[in-house]
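Peer 1: Take a look at the following structure, please.
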Amino acid sequence: MLRRPRRLRVNKATRNLVRETKLNVEDFIYPLFVVEGENIKREISSLPDVYHFSLDMLEEEIKELKELGIEHVILFGIPHDHEKDPHGKEAYNDNGIIQRAIRKIKEIDSNMNVVTDVCMCEYTSHGHCGILTETGYVDNDITLEYLSKIAVSHAKAGADIISPSDMMDGRIKALREALDKEGFVHIPIMSYSVKYASTFYGPFREAANSAPSFGDRKTYQMDPANSNEALIEAELDVLEGADILMVKPALSYLDVIRRVKDNYNLPLAAYNVSGEYAMLKSAVKNGILSEGAIYESVMSIKRAGADIIITYFAKDLAKMIKENR
Ligand code: PBG
1 MLRRPRRLRV NKATRNLVRE TKLNVEDFIY PLFVVEGENI KREISSLPDV YHFSLDMLEE
61 EIKELKELGI EHVILFGIPH DHEKDPHGKE AYNDNGIIQR AIRKIKEIDS NMNVVTDVCM
121 CEYTSHGHCG ILTETGYVDN DITLEYLSKI AVSHAKAGAD IISPSDMMDG RIKALREALD
181 KEGFVHIPIM SYSVKYASTF YGPFREAANS APSFGDRKTY QMDPANSNEA LIEAELDVLE
241 GADILMVKPA LSYLDVIRRV KDNYNLPLAA YNVSGEYAML KSAVKNGILS EGAIYESVMS
301 IKRAGADIII TYFAKDLAKM IKENR
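In this text, residue positions in the sequence shown follow the UniProt record's numbering: the first is 1, and each later residue adds one.
Structure (structure tokens):
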């Protein structure tokens, strides 16, 4: 037989040699949840093996990540309940939980890259990602002013990459202008370009205490049925100056990742979200699937075209990669 594909599957070394897609620890961004208070390292019930940390407890975690070769974290802050208000002002407080967390992480390890999520849902009393009109609609253009303040306060605190997740129209342009005006011309924007209104964010909302108090996010996040619209969102972000694009969630949207990758040359991130993590993690913890399922599913995200993967599995994967599985 002229063609025998099995020749290249004959042993491990040969398979390694011809492997098309490789997961590297450099691909990962690990989400970190920071809370007010002291001496807190509390497992998040909806996200097994992921914790809420008070700032004084971050050191060990940052060191562990570094030892595993993970060089990027994305921060999510949970303010005190009494600090939430309709305008989410705690989000742009220079001494807010995120701003202090950035400074703390940089103090622990100045080489740990800190990505910040620019959004309002953790900080607004109503849990929506922007400022509401009287009818409860999220007012796009007023929200842009607030997002700009948040982005600048993150940059001032030392954030390395600013990552807006709110899905307002025109936010990349607004943030770019605000950052440039304050002298942060060198800070990249990783846009949550294609973010669907997904039920797979459920465990995160519990972890971040950020579920909307009424309604849903369907007037700003995308309809899961649409993929042409994904290209429109991506295109707008490219034109407005985004440095990195993102598709979120990842596993149910591999086709969208591929379409965005084939159409744009910017680096592409995919967010392997909390629901995707929780499902698989509990299956592995309960012995229904072996750990290889984690590797295989995150591999599919990379194979679909993602260059960067935001994943709660980053530590698990770093260990698996080290052991060369
Ligand atoms: C903030 C934000 C959310 C996630 C990341 N940033 C929640 C949401 O949009 O409701 C979800 C992340 C995850 O599920 O892992 N807007």
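Using N, Cα and C, we set each Cβ at its ideal position, and we do this for glycine too.
I'd like to check one pair, D166 with Y220: are the Cβ atoms closer than 9 Å?
Peer 2: In contact: Y220 and D166 (Cβ atoms closer than 9 Å).
Peer 1: Quick one: residues in its chain with C-beta nearer than 7 Å to the C-beta of M190, no 5 flanking neighbours on either side, listed in chain order?
Peer 2: Excluding residues within five positions, the ones whose Cβ falls inside 7 Å are V115, I161, S163, D243, I244, M246 and A269.
Peer 1: Kindly list the residues whose CB is nearer than 8 Å to the CB of K285, restricted to its own chain and excluding five residues on each side of it in sequence; keep chain order.
Peer 2: Answer for K285: P48, listed in chain order.
Peer 1: Check the Cβ-Cβ distances between V138 and every residue of chain B, and say whether any is below 9 Å.
Peer 2: Protein chains in the displayed structure number just one, and chain B is not present.
Peer 1: Buried or exposed: where does N272 fall if 16 or more other Cβ atoms within 10 Å of its Cβ makes it buried?
Peer 2: It counts as buried.
Peer 1: Under 8 Å: do the region 53–62 and the region 13–28 share three or more Cβ pairs, one atom per stretch?
Peer 2: Because the criterion of three Cβ pairs below 8 Å is not met, the region 53–62 and the region 13–28 do not touch.
Peer 1: Compute the distance between the beta-carbons of I74 and I29, then report whether it is under 9 Å.
Peer 2: The answer is yes: Cβ separation under 9 Å.
Peer 1: Going by C-alpha to C-alpha distance, which of G241, D117 and Y137 sits closest to L147?
Peer 2: Of G241, D117 and Y137, the residue nearest in Cα terms is D117.
Peer 1: Looking at I172 and G241, is the spacing between their C-beta atoms short of 9 Å?
Peer 2: Yes. Within cutoff.
Peer 1: Could you work out which residue in K195, I257 and D223 is closest to I308 when comparing CA atoms only?
Peer 2: I308 has its Cα closest to that of I257, out of K195, I257 and D223.
Peer 1: Within the same chain, show all residues whose beta-carbon is closer than 8 Å to that of I142, passing over the 5 residues directly before and after it, in chain order.
Peer 2: Only G130 and I131 meet the Cβ criterion.
Peer 1: Does P5 come out as helix, strand or coil in the three-state DSSP assignment?
Peer 2: In this structure, P5 counts as helix in the three-state DSSP scheme.
Peer 1: Identify whether P224 lies in helix, strand or coil by the three-state DSSP scheme.
Peer 2: Coil.
Peer 1: Where residue 381 and N140 are concerned, what is the direct C-alpha to C-alpha distance, given to the nearest angstrom?
Peer 2: Any question about residue 381 goes unanswered here, given that the chain covers just 1 to 325.
Peer 1: What's the call for L2, buried or exposed, on a 16-neighbour Cβ count within 10 Å?
Peer 2: With fewer than 16 Cβ atoms within 10 Å of its Cβ, L2 is classed as exposed.
Peer 1: From this set, C119, A230 and A159, which residue's C-alpha is nearest D262's C-alpha?
Peer 2: Cα-wise, what sits closest to D262 is A230.
Peer 1: With distances taken Cα to Cα, identify the nearest neighbour of N209 among H128, V260 and T133.
Peer 2: Considering only alpha carbons, the answer is H128.
Peer 1: Evaluate the contact criterion for the region 249–256 versus the region 189–203: three or more CB pairs, one atom per stretch, below 8 Å.
Peer 2: Contact between the region 249–256 and the region 189–203 is present, because at least three Cβ pairs lie under 8 Å.
Peer 1: Of all the options D56, R259, M57 and D27, which has the alpha carbon lying nearest to the alpha carbon of L68?
Peer 2: Closest option to L68, Cα to Cα, is D27.
Peer 1: Return yes when the Cβ of Y123 is within less than 9 Å of the Cβ of D85, no when it is not.
Peer 2: Yes, the Cβ-Cβ distance between D85 and Y123 is below 9 Å.
Peer 1: Any heavy atom of ligand 1 within a distance shorter than 8 Å of the CB on F76?
Peer 2: Because some heavy atom of ligand 1 lies under 8 Å away, the Cβ of F76 counts as near it: yes.
Peer 1: So what's Y137 in DSSP terms, helix, strand or just coil?
Peer 2: Reduced to three states, the DSSP call for Y137 is coil.
Peer 1: Relative to ligand 1, is the shortest distance from any of its heavy atoms to the C-beta of E61 smaller than 8 Å?
Peer 2: Checking every heavy atom of ligand 1 against the Cβ of E61, none is found closer than 8 Å.
Peer 1: Any idea if G287 is buried or exposed, counting beta-carbon neighbours within 10 angstroms, 16 or more meaning buried?
Peer 2: By the 10 Å Cβ count, G287 comes out exposed.
Peer 1: Quick check on the burial criterion: 16 or more other C-beta atoms within 10 angstroms. Buried or exposed for D237?
Peer 2: D237 comes out buried.
Peer 1: Which residues in the same chain have their Cβ closer than 8 Å to the Cβ of D56, if we skip the five residues on either side of it in sequence?
Peer 2: Cβ within range, chain order: E38 and N39.
Peer 1: If we ignore side chains and look at the alpha-carbon of each, how far apart do F76 and M168 end up?
Peer 2: Near 19 Å, if we compare the C-alpha coordinates of M168 and F76.
Peer 1: Can you tell which of L65, S125, V25 and F214 has its C-alpha closest to the C-alpha of E83?
Peer 2: Measuring from the Cα of E83, the nearest candidate turns out to be S125.
Peer 1: For a test of the three-state rule: what should DSSP assign to M112, helix, strand or coil?
Peer 2: Coil.
Peer 1: Can you tell me whether E323 is helix, strand or coil according to DSSP?
Peer 2: Of the three classes helix, strand and coil, the one that applies to E323 here is coil, per DSSP.
Peer 1: Heavy atom of ligand 1 less than 8 Å from the Cβ of R205, yes or no?
Peer 2: Result yes, Cβ under 8 Å from ligand 1.
Peer 1: Got a sec, what are the start and stop residues for the beta strand (DSSP E) L32 sits in?
Peer 2: Element bounds for L32: F28 to V35.
Peer 1: Within its chain, find whatever has a CB closer than 8 Å to the CB of L138; leave out the 5 residues flanking it on each side and keep chain order.
Peer 2: Here residue 138 turns out to be Val, not Leu, going by the sequence shown. Here the set comprises H128, C129, G130, I131, L132, M168, T219 and Y220.
Peer 1: If distances are taken between C-alpha atoms only, which option among I232, N111, S46 and K149 comes closest to E71?
Peer 2: Ranking I232, N111, S46 and K149 by Cα distance to E71 puts N111 first.
Peer 1: By DSSP, does V185 sit in helix, in strand, or in coil?
Peer 2: In this structure, V185 counts as coil in the three-state DSSP scheme.
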